[in-house]
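K.L.:
Numbering (the working numbering), first residue to last: 1400 to 1618. Glycine included, each C-beta is placed from N, C-alpha and C at the ideal position. The model shown is predicted, which means the values in this text are computed figures rather than measured ones. Pasting a structure here, questions to come.
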């Protein structure tokens, strides 16, 4: 009995990770209905762990259950964006003093080089959104605060897995890259106040862009 419970738990976890991965690479898109049988075939798994995994994903706010209709990939709303970005701003700003205290030129150069290489690689929109997440988390990581790091990781996940990547324009990508470069330059100077102002502006402009794109596509 105990071994069966363990096996079921492992199968559910595997299904959870696989479904989440398929959402992250846009195989399952925001708003799409998730059909048990089709998913079981796609993942080569039984229906039971699929259903249990979907229950977990619903608890994580990544999928939505509609009575008598089933499960759907979550779609981010304007309210979600405002609340998530408000929390993100508070958390990111709070660790800036520790980031500046701990970060060094070697770490800054590592971040620069990694994202310079990624910038020159043609990637799907979803991957570009993920790169933005990785950029910010790589900076936050320097604060050595695991609680805030994990909270921000959750917040970013709620955005990039539920936001339609086709809403992201080339112009916005260019703006983001420019702002990232300025942020790294400011961190290198070690000015806490200037960095806080810059981070607030960057986060708020990102929030307004996402809200604007949602309103444009859903008038």
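For residue 1425, I'd like the list of residues in its chain whose CB is within less than 6 Å of its CB, leaving aside the five on either flank, ordered along the chain.
P.N.:
Contacts found: 1525.
K.L.:
Is residue 1468 helix, strand or coil by DSSP?
P.N.:
In the structure shown, residue 1468 sits in coil (DSSP, three-state: anything other than H, G, I, E or B).
K.L.:
Could you name the residues of the same chain whose beta carbon sits closer than 7 Å to that of residue 1602, not counting the 5 residues immediately before and after it, in chain order?
P.N.:
Excluding sequence neighbours, residue 1602 sits near 1484, 1487, 1488 and 1491.
K.L.:
How about the stretch 1557–1565 and the stretch 1573–1592: do they share at least three Cβ pairs that are nearer than 8 Å?
P.N.:
At 8 Å Cβ cutoff, the stretches do not touch.
K.L.:
Evaluate residue 1411 with the Cβ neighbour count: other Cβ atoms within 10 Å of its Cβ, from every protein chain shown; 16 or more gives buried, anything less gives exposed.
P.N.:
Burial call: buried.
K.L.:
Taking the beta carbon of residue 1430 as the centre, do at least 16 other beta carbons fall within 10 Å, making it buried, or is it exposed?
P.N.:
It is exposed - the Cβ of residue 1430 has fewer than 16 other Cβ atoms within 10 Å.
K.L.:
Could you please give me the residues that DSSP links to residue 1462 through a beta bridge?
P.N.:
Its beta-bridge partners are 1472.
K.L.:
So, are the CB atoms of residue 1584 and residue 1542 less than 7 Å apart?
P.N.:
No; because the gap between Cβ atoms is not below 7 Å, this pair is not in contact.
K.L.:
Going straight from the alpha carbon of residue 1439 to that of residue 1414, what length do you get?
P.N.:
Whole-angstrom Cα-Cα distance: 9 Å.
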